[in-house]
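**Student:**
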Amino acid sequence: MKAISARATHGLNLGANMVAADNSGAKIVRLVSVKKGKGTKGRQSSAKIADWIKVSIRKGQPEMKGKVFDAILIRQKKTYRRFNGERISFEDNAVAILKDEKGNPKGTQIKGPVAREVMERWPTVAKLATIVY
């Protein structure tokens, strides 16, 4: 996975509820695990901006409910620092659902802004965004 140009703070623990910001059919999702995440022995893994995560659908279309999908974390409430010195935080925690292992998004549009770090690591997801912040 490509590095991001920020000193990102881990902002979401396992079990955190987030908004699905795309039009894939999911509304609320729960963080199940962090894929390819670095960890420490005895410490629970956590997610940061532009991470590849596994989510379980909590609210949304009935056929999607309860199923587990891959997703990309596109916004996080916890403040993180970019290398140019500015600190960034968003209004909510949001994800974009993926349809396959290659990083192709399931939806066709993303509501709200997407972090610049997501554009660096996942260009196919950021293409759907109207605002890159």
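Start counting the sequence shown at 113; every next residue gets the next number (the working numbering). All C-beta atoms in this analysis are idealised placements derived from N, C-alpha and C, irrespective of residue type, glycine included.
What are the boundary residues of the alpha helix (DSSP H) that residue 242 is part of?
**Tutor:** Residue 242 -> not in any alpha helix (DSSP H); beta strand (DSSP E) instead, spanning 241-244.
**Student:** Quick one: grab the DSSP three-state call for residue 233.
**Tutor:** In the structure shown, residue 233 sits in a helix (DSSP, three-state: H, G or I).
**Student:** Just tell me which of 189, 216, 222 and 143 has its CA closest to the CA of residue 169.
**Tutor:** Closest option to residue 169, Cα to Cα, is 143.
**Student:** Kindly give me the distance between the Cβ atoms of residue 228 and residue 244, rounded to whole angstroms, as I take these residues to be in contact under 8 Å.
**Tutor:** Indeed they touch by this definition, with Cβ atoms about 6 Å apart.
**Student:** Compute the Euclidean distance between the alpha carbons of residue 156 and residue 127, then round it to the nearest angstrom.
**Tutor:** The straight-line gap from Cα to Cα measures roughly 11 Å.
**Student:** Based on DSSP bridge pairs, tell me the residues matched to residue 181.
**Tutor:** Residue 181 pairs with 167.
**Student:** Measuring alpha carbon to alpha carbon, tell me which of 146, 230 and 194 ends up nearest residue 119.
**Tutor:** When only C-alpha atoms are compared, the closest one is 194.
**Student:** Tell me which residue opens and which closes the beta strand (DSSP E) that residue 215 is part of.
**Tutor:** Note, residue 215: premise wrong, no beta strand (DSSP E); not H, not E.
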